[in-house]
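2 is the number of the first residue of the sequence shown in this note's numbering; add one for each residue after it. One structure is given here, and the rest of the page talks about it.
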Amino acid sequence: MDAITKYFTAERNESILFLLAGLLAVVCSIYFLIKLNKDFYSGLSYSLVSIAIIQWIVGASIYIRSPKDIERVQDYCKHDKTQIQLVELPRMEKVMKSFQLYKFIEISLLLIGLFLFFYFPSESLWKGFGLGLLIQSALMLILDFFAERRGKEYINYLLSL
Numbered sequence: 002m003d004a005i006t007k008y009f010t011a012e013r014n015e016s017i018l019f020l021l022a023g024l025l026a027v028v029c030s031i032y033f034l035i036k037l038n039k040d041f042y043s044g045l046s047y048s049l050v051s052i053a054i055i056q057w058i059v060g061a062s063i064y065i066r067s068p069k070d071i072e073r074v075q076d077y078c079k080h081d082k083t084q085i086q087l088v089e090l091p092r093m094e095k096v097m098k099s100f101q102l103y104k105f106i107e108i109s110l111l112l113i114g115l116f117l118f119f120y121f122p123s124e125s126l127w128k129g130f131g132l133g134l135l136i137q138s139a140l141m142l143i144l145d146f147f148a149e150r151r152g153k154e155y156i157n158y159l160l161s162l
């Protein structure tokens with residue numbers, strides 16, 4: 002498998018993890034709201050679902066876009082390598098800069114989640130909300146760590162062409 006296919010296939014595989022994480026968060030939230038029906042679990046559900054929506058949007062867009070990206074970049078390599086320098090590398094530089102913003106947001110949400118979880122009394126809505134933020138932002142941070150690392154490797158490959 003060439004480096005282009007490998008990169009975008011890994012992106013697509015990770016997008017499936019985003020979709021599954023979002024699905025799991027929604028299923029758990031429905032269970033929490035219907036069966037447990039306590040303030041803590043309501044708060045947990047609200048934050049889980051809020052970030053699950055983001056996971057679905059990001060996961061679906063990457064999943065749908067990746068096959069076209071493979072074709073596009075392979076076409077650049079076969080027919081016009083200057084497009085790697087003019088289009089793909091600048092696109093990837095934007096992607097890599099975006100990871101810095103995502104990291105800041107995810108760490109901020111993680112810290113807010115920690116604060117809410119430890120500050121508010123047991124079984125409160127805000128404690129549950131904090132736990133949900135903590136879980137979801139930690140998961141997103143981990144997944145984005147691997148995506149950023151893949152992005153760096155992909156850029157190095159593009160630079161070697």
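Note that beta-carbon positions come from the ideal geometry of N, C-alpha and C, so glycine has one too. Please read all numbers here as calculations on a predicted model, not as lab measurements.
Problem - Cβ-Cβ distance between Gly114 and Gly60 below 8 Å - result: no
Problem - Pairwise C-alpha distance: Leu87 and Met93 - result: 11 Å
Problem - Alpha carbon of Ala4 to alpha carbon of Gln56, nearest angstrom - result: 26 Å
Handout entry: Phe121 in three-state terms, based on DSSP
Key = coil
Exercise for the section: Answer yes or no: do Ser43 and Leu49 have a C-beta to C-beta separation smaller than 8 Å? Expected result: no
Practice task
Taking the CB atoms as reference points, tell me whether Leu142 and Leu111 lie closer together than 8 Å.
Solution key: yes
Problem - For Asn14, the three-state DSSP class (helix, strand or coil) - result: helix
Exercise for the section: May I have a chain-ordered list of the alpha helix (DSSP H) segments no shorter than 4 residues that lie completely inside the stretch 129-160? Expected result: none
Handout entry: Buried versus exposed call for Ile71 [16 or more other C-beta atoms within 10 Å across all chains shown]
Key = buried
Practice task
Tell me whether the beta-carbon of Ala53 lies closer than 8 Å to the beta-carbon of Val27.
Solution key: yes
Handout entry: Helix, strand or coil at Lys7 according to DSSP, with G and I counted as helix
Key = helix
Practice task
Could you tell me whether the stretch 5-18 touches the stretch 146-162, using the rule of 3 or more Cβ pairs below 8 Å?
Solution key: yes
Practice task
Could you check if Ile17 is buried or exposed, using at least 16 other CB atoms within 10 Å of its CB as the buried criterion?
Solution key: exposed
Practice task
Consult DSSP for Leu162 and reduce its assignment to one of helix, strand or coil.
Solution key: coil
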